[in-house]
Structure formats: C-alpha cells, structure tokens
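Structure, as structure tokens:
Number of protein chains: 2
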Amino acid sequence: MGVVVSLDDKPQGGSIDQLVALVAADMERVNQTILARTGSEVTMIPEVANHLISSGGKRLRPMLTLATAGLCGFGGDGHIKLAAAVEFMHTATLLHDDVVDESDMRRGKLAARMVWGNEASVLVGDFLLGQAFKMMVEVGSLQCLDVLSSAAAVIAEGEVMQLSAAKDTQTTEDAYLEVIRAKTAALFAAASEVGPILAGRSKADIEACRGYGSNLGIAFQLIDDALDYGGSAAKLGKNVGDDFREGKITLPVVLSFRRGTEAERDFWRRTLERGEIGDNDLALALATMKKHRALEDTVERARHYGAMARDALELFPASPWKRALFEVVDFCVNRAH
Amino acid sequence: MGVVVSLDDKPQGGSIDQLVALVAADMERVNQTILARTGSEVTMIPEVANHLISSGGKRLRPMLTLATAGLCGFGGDGHIKLAAAVEFMHTATLLHDDVVDESDMRRGKLAARMVWGNEASVLVGDFLLGQAFKMMVEVGSLQCLDVLSSAAAVIAEGEVMQLSAAKDTQTTEDAYLEVIRAKTAALFAAASEVGPILAGRSKADIEACRGYGSNLGIAFQLIDDALDYGGSAAKLGKNVGDDFREGKITLPVVLSFRRGTEAERDFWRRTLERGEIGDNDLALALATMKKHRALEDTVERARHYGAMARDALELFPASPWKRALFEVVDFCVNRAH
C-alpha cells in the first residue's frame, strides 16, 4: 500500500512553468498594482500586507484571471486590476483565517497575527477587501463586480459553514464538499470567470472558464487537505498535522471515520471533537488513514475534479493558454506525490 | 463649572422623530431587505447578524441615505438597497471592532464575540460586507459603488490608524480628528452622498450632502467619546470608562493631557500607555477632565462640526426633509446633555 502522500518522490507531471511564462509580463503589472495599492500613510498597512504578499505564495488565483483573459483573446487591461483584486481578496481571507484558526505560521513565516496581533490581521484584511472592491469598481464592469462580490459573500458563508461543522466527526462527504466549494472553489471560479467576461465572450465560454476554475479549486483544496497529513512543514509553509490539532474535519478524516471501526471512531471523537490529543495520536491518526486508504482516495477524488476542470475547457481550440491551463490541473493534483 | 456630560438633565433640543416619521415607509422596506439578506442556510449567520441588527441601534446611517434621497426628490427604489448596504457595512465594522477591542458588551447586550466567539464575529462581518457589495452591484450605479467602496477602504484604514495611535498620549487633536474622519465620518459621508447621486443631482448638491454627512459624523463621534466618560451603561449600551480601560486616546484625553501638569501627564501615561489602572483611577481621570473642562470642550468642538453640517445643507430650499436633517444634528450634539 505504501505512503500515498510522500514528498520524497519526484513530481509525476504537471507544472505551472508554462503558465508563469505566458503571464509574466502581465504579472509584473499586477505586482506593481499590488504594491501601489497596499501603500498607505498608515505604515502598519504596507507592513502587514507585504509580509503576507511577499512571502512567496504562487499567486495562482490572479494567474487564472490573466490566463483566462489570454485564452479568450482579451486585448484591454482591466484584467490587471481584477487579478490584483482577486489576490487581495485571497490575502484578506488568509489574514482573517489566521485569526479564526489561531494559526502560528503561514507560508513558512510567522502568521501576521503573531507579529502584529489579531487586531491588525482583522483590520488590514478589511482594508485589502476595500481596496479590492475599489479596483473592481475602477474597471467598471458590473458583470465582473457581480461575479466577484457574489464570491466574497459565498466565501465568507463557506468559512462560517466550516466553523459550524468544526469538530463534527459526523460530517458527510457532501457537506464537506459544500464547504470547500464555498470557501475555496468560489474564488478560483470567479478568478477564472472574469477573464472571458472582460473579453465579451459567449455565455458558454464564460461558464466553461467558471467550471474550470471551480473544479480546479476543489481539486486544489482536496490535495491541500491530504498534504496536511502527509507534507512537510517546509513545503507546505505550515506544520504537518495542523488540521488534526485544530480539530478540522477534512476529507481524509471523513473517509477514515466512516470506514472505521467503532474503536477508531472513538479515537476521532476524542481527538477531534474533544481535543484530547496525546503525543502519539498524530501517528495513530496517520496509521488509521493509511489502513483505510483515506489519503490515497482523497487524491483520487481530487483527480476526478481535475478531470472535470480539463473537460470544462475542452471546447476551446488548442492554444498555448489552453495547454498551460491543463498543465496547472496536473500540477495541482500531482503535488501530493 | 458642573458636570457637563450628565444624562440626568433633560435633552436640550433636537430629535430624530421627524426623520424617523419621514422615512418610516422606506425604512420598513430596508428592514425587510436586511432580514432577507441575512438569511442563510448556515444558521449561525442569521443568528449573529440578527443579534446585532435587532439590538436596537438607531439605524442613523441608513436613514441618512433615505433622507438625502428624499431631500433630492429621488423617485426610484435603489436607495433601499443602498441603505441596507450601509447598515451592513456598519454592522460588519461593529463585529470586527469588538474582536479588535476585546469588548464584552455592545448596545447593552453581550457582544456577539462573547456568545459565538471571535471567529464568528470576523466571518459573519465578512459575510455582511460581501452582501453589502452584492446589493450595491444590484443597484448598478458605478458612481455609488465608487463612493461606498472607497468608504470601506478608508474606514479600515482609519481603524488601523487608530490601532497604531493606540495608547499614545502624545496624539494631537489633528491626528485624532484624522482617525475619526476615517473610521466614523467616512460612512456618514458616503451614506449621505449616494442619495443625491441616485437622484442625478448636480456636483454641488452631491458635495453638499457629503459635507453634511461628514461633519455630522465627526460631531457624532466626538459626543460618543465624551459620553464614554459621562454616560450611563444603560443609555450607551456599553460601560462608562470602556475607552479608559482600553487605553483609547480620544479627544477628552488629548485635551486633558495637553492642558495638564506633568504629574497629570504621568497619570495618563501610567493608566493609558502602560495600562496600570487602579480602583480609583477612573474617578481620578474624570476629576482631571473636569478640572480642564475637557468634556465641555469636546462637546463645544462637536457643536462646531454640527454647525458645519447644517451650513452644508443651507443651499437646499426649505422642506420637511431639510428640517428633519437639521434636527438630527441637534439631536446628535445635545444627547450629551
């Protein structure tokens, strides 16, 4: 059976290099916009914002906006501000998440809340959200504003949903999926949808790009949840077992709980619901997941959504953009190996 | 000299009754919109939102949107959603403020964070912000979107500014004004500006309404800060001396510090900067403020901004709307007596 999620093996295909190369010039403008828009006379704002923004996230979401605009032949420049807005929405979510999760680390650095306090994380997150909306308004597309503001509401709803379901080992796979659709896939979907809207493409093309982003987002989150039990702190930028220690119910747990013996279910209830976690419990959790192939099957589920993401784009003719967007799917799914 | 800020005296004029009567029909629609838009299958969202929304705030800000629309003869119904959006922005700010301030009470009830936790306050605040933007987008005025999204960014910037200036007894009156312009007056201004925009009025009329809201907001916050040292918990919905215990630098403190002896300055540094507060220190703070007429003069400053608010509206012809908006100024300034 072996350990499914091992970072010692080489990647099995898929890379974001093509995408990075295609969007390089646009991304440079996005980065300049991000820097300009985190400027404030209130020095704490650029400090906190840059701490997180410069800490080496892949900027996958804004790249999706740039790439779907490219895929659809957009010739204007509204996609730059919208891509920056998407990254700000994401960064604001991370800042607020850290407060909610009481995280110590984020992307391999101390979480902003550990350096500047919870207050600054909440308020700088709000500032970035405000700036994001200002940029969207400047672009002036009501349809894009609709897509992105709806996503903002859905993301927050998903976070609250996750909070309500927290520590509930009875969570079903469907309920879990509903959470990650809202808290992760909604922004991937919106980021991918505004490109074809700006380009004035057909409803079918807009929905295709949205479907690509949405399914990619689900696959991405599933792999993230698997990596939490199998990655290394260096690669993840957070600690292995964080989700376990926080009592988060992710798919590896959902599968292990449902497939488990009554004694195993007692183990999950004790550790995740009641938070009674001893020194050997993370190792025991991993062994139980291995026994039930929970990580392998989480990756399998991710593959399914990855396939849907690819198929969503199939109606577009071949192009370097399409190829790069396909590669991203493989990259996201295979980073678990 | 006497205690300036006493709630035992009768109000000395000014009421919001006329305004409440004029906007009653519209306000009913705003309330229905608020209820509809806090609905979610995630039950924690309506619970938290309604806890705060139904807890008896005056809804002054949405009333400003309705009243300035009325003043400008607006005949459509976009002002309903914008008024609801303004109230959501305000409610989101309160939820996030409570987390930042670690407040126990809000409007005479337990703060939401005490009942549902910091997490829910952060996330439900984000949800309400998302819903606010959705409603603005539905109304479809890019100019109104610009005004309100700019206000959102400025408010957050003001909150961070306040955080940076926190516990700094050297804060100048101008620096303090800059904070309240951003964190309070910006939303009053935006709430008052979107009415004439919807009504298609001239730049002069739009700026007049904005000036009214902005100056009213400053006066309102100044009185709030005075009441914190002179009101009663029942009337304020929070505890007397909260600002003192939290080390907040408001105008009564700024004036007392600058007018004080070196020994008095040591007192403010010990209590507000270092947070070393003994049993008698609130009484001592009040006595020092009385000695320097700090509360009286804070109210005098509020009167000045109240006068500016009234003058901003003077170019409008006489109408019940104008009369009601003038009365609101007196109500805000005189509630300290």
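Residue numbers (the numbering used here), protein chains in the order written: chain A, 176 to 512; chain B, 176 to 512. Even glycine gets a Cβ: it sits at the ideal position worked out from N, Cα and C.
Does DSSP put A499 (chain A) in a helix, in a strand, or in coil? As a first step, residue 499 (chain A) is located in the first sequence; it is residue number 324 there, counting from the start. Of the three classes helix, strand and coil, the one that applies to A499 (chain A) here is helix, per DSSP.
By how many angstroms is the C-alpha of G315 (chain A) removed from the C-alpha of F302 (chain A)? In the first sequence, residue 302 (chain A) corresponds to position 127, counting from 1. In the first sequence, residue 315 (chain A) corresponds to position 140, counting from 1. Distance between the alpha carbons of F302 (chain A) and G315 (chain A): 20 angstroms.
Who are the neighbours of N293 (chain A) on chain B, taking C-beta pairs under 8 angstroms? Translated into positions along the first sequence, residue 293 (chain A) becomes position 118. Correct list: V274, V275, N293.
Could you check whether I228 (chain A) and L241 (chain A) sit closer than 9 angstroms to each other, using their CB atoms as the reference points? Indexing the first sequence from 1 puts residue 241 (chain A) at position 66. Indexing the first sequence from 1 puts residue 228 (chain A) at position 53. Their beta carbons are not under 9 angstroms apart, which means L241 (chain A) does not touch I228 (chain A) by this criterion.
Beta-carbon contacts of P371 (chain A) that lie in its chain and below 7 angstroms, excluding the five residues immediately before and after: Counting from 1 along the first sequence, the entry for residue 371 (chain A) is found at position 196. Within the same chain, P371 (chain A) has close Cβ partners T243, C247, D380, I381, C384.
Can you tell me whether K465 (chain A) is buried or exposed? The criterion is at least 16 other CB atoms within 10 Å of its CB, across all chains shown. Locating residue 465 (chain A) in the first sequence gives position 290, counting from the first residue. The Cβ neighbour count for K465 (chain A), taken over all protein chains shown within 10 Å, is at least 16; the residue is labelled buried.
Start and end of the alpha helix (DSSP H) containing G386 (chain B)? Within the second sequence, residue 386 (chain B) is the residue found at index 211, counting from 1. First-last of the alpha helix (DSSP H) with G386 (chain B): 378 to 402.
Does E334 (chain B) come within less than 9 angstroms of chain A when only Cβ atoms are used? Position 159 of the second sequence holds residue 334 (chain B). Yes, because at least one Cβ of chain A sits closer than 9 angstroms to the Cβ of E334 (chain B).
Name the residues in the region 306 to 325 of chain B whose C-beta lies less than 7 angstroms from a C-beta of chain A; which are they? Along the region 306 to 325 of chain B, going in chain order, the ones with a CB nearer than 7 angstroms to a CB of chain A are Q306, F308, K309, V312, G315, L317, L320, D321, S324, S325.
Contact the region 257 to 265 of chain A vs the region 197 to 208 of chain A: 3+ CB pairs below 8 angstroms: Cβ pair count under 8 angstroms is three or more, so yes.
Of all the options A:G450, A:S389, A:D201, which has the alpha carbon lying nearest to the alpha carbon of A366 (chain A)? Here the question's residue 366 (chain A) lines up with position 191 in the first sequence. It is A:S389.
Let's see if you can read the secondary structure: which residues bound the alpha helix (DSSP H) around E334 (chain A)? Against the first sequence, residue 334 (chain A) aligns to sequence position 159. Per DSSP, the continuous alpha helix (DSSP H) segment holding E334 (chain A) begins and ends at 317 to 340.
Out of B:G245, B:K233, B:C507, point me to the one whose CA is closest to I393 (chain B)'s CA. For the purposes of this step, residue 393 (chain B) is taken as the residue at position 218 of the second sequence. Considering only alpha carbons, the answer is B:C507.
For G481 (chain A), which residues of its own chain have a beta-carbon under 8 angstroms away from its beta-carbon, when the five flanking residues on both sides are left out? For the purposes of this step, residue 481 (chain A) is taken as residue 306 along the first sequence, with counting starting at 1. Taking C-beta separations shorter than 8 angstroms and ignoring five residues to either side along the sequence, the partners of G481 (chain A) in its chain run N390, L391, A394, V504, D505, C507, V508, following chain order.
Contact defined as beta carbons within less than 8 angstroms: I believe F491 (chain B) pairs with T463 (chain B). What is the distance between those atoms, to the nearest angstrom? Working through the second sequence from its first residue, we reach residue 491 (chain B) at position 316. Working through the second sequence from its first residue, we reach residue 463 (chain B) at position 288. Contact annotation, F491 (chain B) with T463 (chain B): C-beta distance approximately 43 angstroms; criterion of less than 8 angstroms not satisfied.
Answer with buried or exposed for K309 (chain A), where buried requires no fewer than 16 other C-beta atoms within 10 angstroms of its C-beta. As a working mapping, residue 309 (chain A) is identified with position 134 in the first sequence. In summary, K309 (chain A) is buried, with 16 or more beta-carbon neighbours lying within 10 Å of its beta-carbon over all protein chains present.
Can you pull the DSSP bridge partners for L285 (chain B)? Your numbering for residue 285 (chain B) matches position 110 in the second sequence. Within the DSSP bridge table, the entry for L285 (chain B) names B:M280 as partners.
Please decide whether Y271 (chain B) counts as near chain A, where near means a Cβ-Cβ distance under 9 angstroms. As a position in the second sequence, residue 271 (chain B) is number 96, starting the count at 1. It should be pointed out that residue 271 (chain B) corresponds to His in this sequence rather than to Tyr. Chain A, which has a Cβ nearer than 9 angstroms to the Cβ of H271 (chain B), makes this yes.
With L246 (chain B) as the anchor, note down where its alpha helix (DSSP H) starts and where it stops. Position 71 of the second sequence, counted from the first residue, corresponds to residue 246 (chain B). Looking at the DSSP string, the run of the alpha helix (DSSP H) that includes L246 (chain B) is 235 to 246.
Count the other CB atoms within 10 Å of the CB of G188 (chain B); is the residue buried (16 or more) or exposed (fewer)? As a working note, residue 188 (chain B) is residue 13 in the second sequence. Answer is exposed; the Cβ neighbour count stays below 16.
Among A:T266, A:N293, A:G283, which has the Cα closest to the Cα of V275 (chain A)? Position 100 of the first sequence, counted from the start, is the residue given in the question as residue 275 (chain A). The alpha carbon of V275 (chain A) has as its nearest neighbour, out of A:T266, A:N293, A:G283, the alpha carbon of A:N293.
Proximity below 9 angstroms, CB of L402 (chain A) to CB of A295 (chain B): Translated into the one-based positions of the first sequence, residue 402 (chain A) becomes position 227. Translated into the one-based positions of the second sequence, residue 295 (chain B) becomes position 120. Cβ atoms of L402 (chain A) and A295 (chain B): not closer than 9 angstroms.
Any beta carbon from chain A within less than 9 angstroms of V297 (chain B)'s own beta carbon? One-based indexing of the second sequence puts residue 297 (chain B) at position 122. Cβ-Cβ to chain A under 9 angstroms: yes for V297 (chain B).
Within 8 angstroms, do at least three Cβ pairs link the region 484 to 499 of chain A to the region 449 to 459 of chain A? Counting Cβ pairs under 8 angstroms, fewer than three are found: no touch.
Assigned exposure category for A408 (chain A) - 16 Cβ within 10 Å defines buried: Walking along the first sequence from the start, residue 408 (chain A) turns up at place 233. At A408 (chain A), the pLDDT of 45 sits below 50, so the modelled position is not reliable; the number obtained from the coordinates is stated separately. A408 (chain A) should be labelled exposed.
Please tell me whether A409 (chain A) has its Cβ less than 9 angstroms away from any Cβ of chain B. Here residue 409 (chain A) refers to the residue found at position 234 of the first sequence. For A409 (chain A), the predicted model reports a pLDDT of 44, less than 50, meaning its position is unreliable and no value from the coordinates is stated.
Which same chain residues, not among the five before or five after L285 (chain B), have their C-beta less than 8 angstroms away from its C-beta? Working through the second sequence from its first residue, we reach residue 285 (chain B) at position 110. Cβ within range, chain order: D279.
Which residues, in order along the region 214 to 234 of chain B, keep a beta-carbon less than 8 angstroms from a beta-carbon of chain A? Taking 8 angstroms as the Cβ-Cβ cut-off against chain A, the residues of the region 214 to 234 of chain B that qualify are S215, V217, T218, M219, I220.
Answer with yes or no whether the minimum CB distance from L304 (chain A) to chain B is below 9 angstroms. Sequence index remark: in the first sequence, residue 304 (chain A) carries index 129 (1-based). Yes, because at least one Cβ of chain B sits closer than 9 angstroms to the Cβ of L304 (chain A).
Own chain residues within Cβ distance below 7 angstroms of F432 (chain B), not counting five before or after: Counting from one through the second sequence, the residue named residue 432 (chain B) turns up at place 257. The answer, listed in chain order, is T344, R440, W443.
Consider the Cβ of D417 (chain A): report whether some Cβ of chain B lies at a distance smaller than 9 angstroms. Stepping through the first sequence from its first residue, residue 417 (chain A) is reached at position 242. At a cut-off of 9 angstroms between beta-carbon atoms, D417 (chain A) makes no contact with chain B.
Short of 6 angstroms in beta carbon distance, which residues of its chain neighbour A499 (chain A), apart from the five on each side in sequence? Order them along the chain. Working through the first sequence from its first residue, we reach residue 499 (chain A) at position 324. Counting only residues of its own chain and dropping the five nearest sequence neighbours on each side, A499 (chain A) has a CB closer than 6 angstroms to the CB of Q193, L194, L197.
Separation of K378 (chain B) from E368 (chain B), as counted between CA atoms: Reading the second sequence from its first residue, position 193 is the one you call residue 368 (chain B). Reading the second sequence from its first residue, position 203 is the one you call residue 378 (chain B). The alpha-carbon atoms of E368 (chain B) and K378 (chain B) are separated by roughly 10 angstroms.
Using C-beta distances below 7 angstroms, list every residue in its chain close to D417 (chain A), excluding the 5 sequence neighbours before and after it, in chain order. In the first sequence, residue 417 (chain A) corresponds to position 242, counting from 1. Cβ neighbours of D417 (chain A) within its own chain (closer than 7 angstroms, five residues either side excluded): D403.
Whose Cβ in chain A lies nearer than 7 angstroms to the Cβ of A259 (chain B)? Here residue 259 (chain B) corresponds to residue number 84 of the second sequence, with the count starting at 1. Residues of chain A with a Cβ closer than 7 angstroms to the Cβ of A259 (chain B) do not exist; the shortest Cβ-Cβ separation is about 14 angstroms.
Establish whether the CB of A327 (chain B) and some CB of chain A are separated by less than 9 angstroms. Counting from 1 along the second sequence, the entry for residue 327 (chain B) is found at position 152. It does: the Cβ of A327 (chain B) has a partner Cβ on chain A nearer than 9 angstroms.
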